[in-house]
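A.B. asks: Those letters in the sequence shown? Residues 658 to 920, per the numbering used here, in order. Attaching a single structure in structure tokens format; questions to follow.
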Amino acid sequence: MRRLPRRLGHGEEATLVEHLEELRQRLFVCLGVVIVGWIAAFIVHARVVRLLTHQLPREHRHLLTLGIGEPFLTSLWLSLYLGFAISLPVLLWQAWAFFIPAFERSHERMLKAFIFLATGLMVAGLFFGWLRSVRPTFGRIPSSTVWFMNSVGLNVFIAVVGISSGPGFVAGLQQLGFSLFLWGVAVTTVPLILAMYVGKYLFRFDDAILLGCCSGARTTTASLGMINDIAKSQIPGLGYTVTYAVGNTLLTIWGMVIVMLLI
């Protein structure tokens, strides 16, 4: 029986071929775990559907389908999402074991503290969100107070981003010229335009959810607030949550990969 990929120690050197072999083994582990989770989720997907529909108002619990194969495809997609969620701890552990040897031990301890803190905040948010959904009177905040906090928070966020990014942007522009600005515009806008067309015409997403997905992919909370204000609805937040988490994860991972490639 082939062993699981070994985690490299801090300061341990390995050739490019050995790194690629470790990456290949970890990708196979991730793929296998997702497939197992997918199968397990498909076995219990009927119970999951009943659990989800039970949270809806009684008059909206009867699900409708518009195509012959839609019930089966919906079951497959739901099982895939659930299987991915079940296997997420293993996926994160594989990513952690692959990248963490590149950091010093002190940085590893710092990252562990932040991960535990972020996990605790996520669990607390999920719990209190669920409690708020079943007991709407719990944690009620006046709408005027919510509007004030959202407006001030977004404005302060935009101001802080501009203040912190301004000096670096000006220095880069002076060093590399105006082409840096043009490449930044292209890198920022082209993926978003493609994402909107793919989501609209390939996946048939609703416009509000699609714009929320694009905001989450760019990890930009300010744009989500603007979309919610224009739509006068919180529905775009449904598309924001997953893409925001995935975008932050990929931003962290690929940031380290780029740094490792440039060193």
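Where a beta carbon is used, it is the ideal one built from N, C-alpha and C, also for glycine.
#1: Are the segment 883 to 891 and the segment 852 to 869 touching, with three or more C-beta to C-beta distances below 8 Å?
#2: With a threshold of 6 Å on Cβ separation, who are the neighbours of T776 within its own chain once the five nearest residues in sequence on each side are excluded?
#3: For T906 and W787, I'd like the C-alpha separation in whole angstroms.
#4: With a threshold of 8 Å on Cβ separation, who are the neighbours of E679 within its own chain once the five nearest residues in sequence on each side are excluded?
#5: So, helix, strand or coil for D863, using DSSP?
#6: Express the C-alpha separation of Q831 and V747 in angstroms, rounding to a whole number.
#7: In the structure shown, what three-state DSSP assignment does I887 receive?
#8: Determine the DSSP secondary structure at L774, reduced to helix, strand or coil.
#9: Tell me, to the nearest whole angstrom, how far the beta carbon of P758 is from that of E669; I am working on the premise that it is less than 8 Å.
#10: In or out: W695 buried (at least 16 other Cβ within 10 Å) or exposed?
#11: Please determine, among L745, A703, L708, the residue with the shortest C-alpha to C-alpha distance to A690.
#12: Give me, in chain order, the residues of the same chain whose beta-carbon lies closer than 8 Å to that of Q891; leave out the 5 immediate sequence neighbours on both sides.
#13: For P728, which three-state DSSP category applies?
#14: Is it the case that the Cβ atoms of G873 and G904 are separated by a distance below 8 Å?
#15: Which whole-angstrom value describes the C-beta separation of A852 and P893, a residue pair presumed to lie in contact below a C-beta threshold of 8 Å?
#16: Is the distance from the Cβ of F785 to the Cβ of T878 below 8 Å?
#17: Taking the continuous alpha helix (DSSP H) assigned at Y854, which residues delimit it?
#18: Check whether the segment 762 to 775 touches the segment 726 to 745, counting contact only when three or more Cβ pairs, one atom from each stretch, lie closer than 8 Å.
#19: Distance check for L709 and S760, CA to CA, integer angstroms please.
#20: Compute the Euclidean distance between the alpha carbons of F835 and P848, then round it to the nearest angstrom.
#21: In chain order, what residues of the same chain have a beta carbon less than 8 Å from the beta carbon of L733, not counting five sequence neighbours either side?
#22: Roughly how many whole angstroms lie between the Cα atoms of G740 and L688?
C.D. replies: Let me lay it out:
#1: Short answer: they touch.
#2: none
#3: 24 Å
#4: So the qualifying residues of the chain are P662, R663, L665, A671, F755.
#5: coil
#6: For V747 and Q831, the gap between their C-alpha atoms comes out near 45 Å.
#7: helix
#8: L774 falls in the helix class under three-state DSSP.
#9: 7 Å
#10: buried
#11: The amino acid at residue 690 is misidentified as Ala; the sequence shows Val. Ranking L745, A703, L708 by Cα distance to V690 puts L745 first.
#12: Excluding positions up to five away in sequence, the list reads N885.
#13: helix
#14: yes
#15: Contact doesn't hold; Cβ gap of about 14 Å is too wide.
#16: When the beta-carbon positions are compared, F785 and T878 stay at least 8 Å from each other.
#17: 836 to 854
#18: No contact exists between the segment 762 to 775 and the segment 726 to 745.
#19: Looking at the sequence shown, residue 760 is not Ser but Phe. Going from the Cα of F760 to the Cα of L709 covers about 42 Å.
#20: If I take the Cα positions, the gap works out to 21 Å.
#21: F699
#22: 11 Å
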